[in-house]
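Student:
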Amino acid sequence: MSQQAFAGQVRSSRDRLIELTAHLLESSTRDPEPGTDFAIMAVALVGAGEAVADRIAGGEIDVEKAADLLENLAWRGLAGKKRTDHQG
Numbered sequence: 378m379s380q381q382a383f384a385g386q387v388r389s390s391r392d393r394l395i396e397l398t399a400h401l402l403e404s405s406t407r408d409p410e411p412g413t414d415f416a417i418m419a420v421a422l423v424g425a426g427e428a429v430a431d432r433i434a435g436g437e438i439d440v441e442k443a444a445d446l447l448e449n450l451a452w453r454g455l456a457g458k459k460r461t462d463h464q465g
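The numbering of the sequence shown is this note's numbering, which starts it at 378 and goes up by one.
1) When the Cα atoms are used, what is the spatial distance from ASP392 to MET418?
2) Would you decide whether LEU422 is buried or exposed? Buried here means 16 or more other CB atoms lie within 10 Å of its CB.
3) Would you kindly work out how many angstroms separate the C-alpha atoms of ASP408 and ALA384, rounded to a whole number?
4) Give a yes or no on whether the C-beta atoms belonging to VAL429 and ILE395 are separated by under 9 angstroms.
5) Quick one: using the 10 Å Cβ neighbour count with 16 as the cut-off for buried, is ALA399 buried or exposed?
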């Protein structure tokens, strides 16, 4: 496989992953704000996953720690922790 063909396959796979992620976000969000851009959220999540995967491949972070980091970021936001009742 040529380098150009491989790059095209990677790009196509990434686009499909973004599409699936956007669909998952949209279908699992209750009462989204009008104009919510699920596609750009999906791009951000996939990009974060790619960046963390690079760190895993380079031995800079453990797989379990990386998975926890991404899960917390995706589901809890930048604070990275669950909100308690007194936090509002």
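Built from N, CA and C at the ideal position, the CB exists for glycine as well.
Tutor: Well, looking at it:
1) In this structure, the alpha-carbon of ASP392 lies about 13 angstroms from that of MET418.
2) Flag for LEU422 reads buried.
3) One C-alpha to the other measures close to 38 angstroms.
4) The Cβ-Cβ distance between VAL429 and ILE395 does not fall below 9 angstroms.
5) Burial call: buried.
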